[in-house]
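Numbering (my numbering), first residue to last: 1 to 303.
Remarks on the structure that follows.
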Ligand code: GLU
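Written out as structure tokens, the structure is:
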């Protein structure tokens, strides 16, 4: 640890204030009223499909015989994957992407079983069949592709740093020293990059929200993960937290699937590619005012 000096937190507060609007504007997807005969609801920009069949997808076969969809998500990442502890409502860009996929497979909100799975346990949950697919700030990497497959990408962000609002010594990745303690999630690309590319000490937990608590209590100097995630935390406490520096990686978010289920991979990729305005509507609803950049990426070829 090193003592941070009282400094200019203005930029961080400005970003966070923007993001605050986004975090408070998310509406739950489960309570929409029926739209004008097109199968959509007034709140959800997707339709629940009927008579879906996907030849050659073991995952879809399992979903069909079960009659419900099991989805892995995060639930402590505001704006992306969040479970409100008082209302019990799930909100966020990733959660809505997961709902859109379920709807395209023919399953409405009441047929989705969400499970919170931390970064380190995602591959194993997919391999075990505990979930049918995972949508939660899950970067597509070659290492992970040895164990699972990904549809997408559906979003691109990059790694950043979250520090106390009065810290003016940590200004970006290259400012980190051996005196700094940087917190991140076990099993993430974020913690690995800090270990590989900086002299900083590291501390890890299952979740980023635990790191944020440590940062607020002065136990660590910074939290690192994708900027899209960090902006959500800063927005919750703009007086005390700020995002600093340029992003220093490219994180391409994919939908985690059972390895080799190319039929489902292709189905979801086609949904992303031919989805019209749905992606943009989901983005605008959840992250539109956050300051996160907003372009839908092209999907990777199916492999
Ligand atoms: N996107 C990074 C990863 O997949 C960090 C965020 C996360 O842990 O979900 O490792």
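Glycine included, C-beta positions come from ideal geometry on N, C-alpha and C.
Quick one: give me the first and last residue of the beta strand (DSSP E) that residue 213 is part of. Segment 208 to 216 is the alpha helix (DSSP H) holding residue 213; no beta strand (DSSP E) there.
Residue 152 lies in the beta strand (DSSP E); which residues open and close that run? Unbroken beta strand (DSSP E) run through residue 152: 148 to 157.
Use the C-beta contact count for residue 217: other C-beta atoms within 10 angstroms, 16 or more gives buried, fewer gives exposed. Exposed: under 16 other Cβ atoms inside 10 Å.
By DSSP's criteria, residue 114 is part of a beta bridge. Which residues make up the other side? Under DSSP, residue 114 forms a beta bridge with 71.
Relative to the ligand GLU, is the shortest distance from any of its heavy atoms to the C-beta of residue 156 smaller than 7 Å? Because no heavy atom of the ligand GLU lies under 7 Å away, the Cβ of residue 156 does not count as near it: no.
Measuring only from the beta carbon, is residue 92 closer than 7 Å to any heavy atom that is part of the ligand GLU? Using a cutoff of 7 Å, the CB of residue 92 does not count as near the ligand GLU, since none of the ligand's heavy atoms is closer than that.
So does residue 194 have its beta carbon nearer than 7 Å to some heavy atom of the ligand GLU? Incorrect: residue 194 has no Cβ contact closer than 7 Å to the ligand GLU.
Assumed close pair residue 49, residue 104 - CB separation to whole angstroms, cut-off 8 Å: Residue 49 to residue 104, Cβ: 5 Å. Contact.
Out of 53, 74, 197, which one is the CA nearest neighbour of residue 65? Comparing Cα positions, the closest option is 53.
Where the beta strand (DSSP E) containing residue 387 begins and where it ends: The structure shown does not extend to residue 387, since the chain is modelled only from 1 through 303, so no value can be given for it.
Within 10 angstroms of its Cβ, does residue 152 collect 16 or more other Cβ (buried), or is it exposed? Residue 152 should be labelled buried.
Hey, how far is the Cα of residue 286 from the Cα of residue 226? C-alpha separation (whole angstroms): 16 Å.
Buried versus exposed, by CB contacts within 10 Å (16 or more), residue 258: With at least 16 other beta carbons inside 10 angstroms of its own, residue 258 counts as buried.
Output needed for residue 119: all residues of its chain with C-beta closer than 6 Å, excluding positions within five of it in sequence on either side, in chain order. When the five nearest sequence neighbours on each side are left out, the beta carbons in the same chain lying within less than 6 Å of the beta carbon of residue 119 are those of 185, 187, 188, in order along the chain.
Identify every residue that forms a DSSP beta bridge with residue 164. Residue pairing from DSSP places residue 164 in a beta bridge opposite 241.
So, for residue 97: in the same chain, excluding its five sequence neighbours on each side, which residues have a beta-carbon less than 7 Å away from its beta-carbon? Counting only Cβ-Cβ distances below 7 Å, and skipping sequence neighbours, we find 135, 154, 282.
Which of helix, strand or coil does DSSP assign to residue 175? The three-state secondary structure of residue 175, taken from DSSP, is helix.
Take the Cβ of residue 235 as the centre, count every other Cβ of all protein chains shown within 10 Å, and call the residue buried at 16 or more, exposed below. Residue 235 should be labelled buried.
Is the distance from the Cβ of residue 264 to the Cβ of residue 57 below 8 Å? The Cβ atoms of residue 264 and residue 57 lie closer than 8 Å to each other.
Mark residue 59 as exposed unless 16 or more other C-beta atoms lie within 10 angstroms of its C-beta, in which case mark it buried. A residue is called buried once 16 or more other Cβ atoms fall within 10 Å of its Cβ, and residue 59 is buried on that count.
For residue 181, three-class secondary structure by DSSP: Of the three classes helix, strand and coil, the one that applies to residue 181 here is strand, per DSSP.
What residue does the alpha helix (DSSP H) around residue 264 start on, and which one ends it? Per DSSP, residue 264 belongs to the alpha helix (DSSP H) from 262 to 273.
Whose C-alpha, out of 124, 190, 288, 196, is nearest the C-alpha of residue 211? If we check each option's Cα against that of residue 211, 190 comes out closest.
Is residue 294 buried or exposed, if buried means 16 or more other CB atoms sit within 10 Å of its CB? By the 10 Å Cβ count, residue 294 comes out exposed.
Rounded separation between residue 198 and residue 243 - CA only: Going by the C-alpha atoms only, they are around 18 Å apart.
Span separating the alpha-carbon of residue 224 from that of residue 141: The straight-line gap from Cα to Cα measures roughly 18 Å.
Is any non-hydrogen atom of the ligand GLU found closer than 7 Å to the C-beta of residue 138, if you look at the structure I gave you? Checking the Cβ of residue 138 against the ligand GLU gives yes.
Figure out for me which residue from 145, 139, 128, 180 has the closest Cα to the Cα of residue 161. Taking residue 161 as reference, the option from 145, 139, 128, 180 with the minimal CA-CA separation is 180.
Would DSSP call residue 293 helix, strand or coil? Reduced to three states, the DSSP call for residue 293 is coil.
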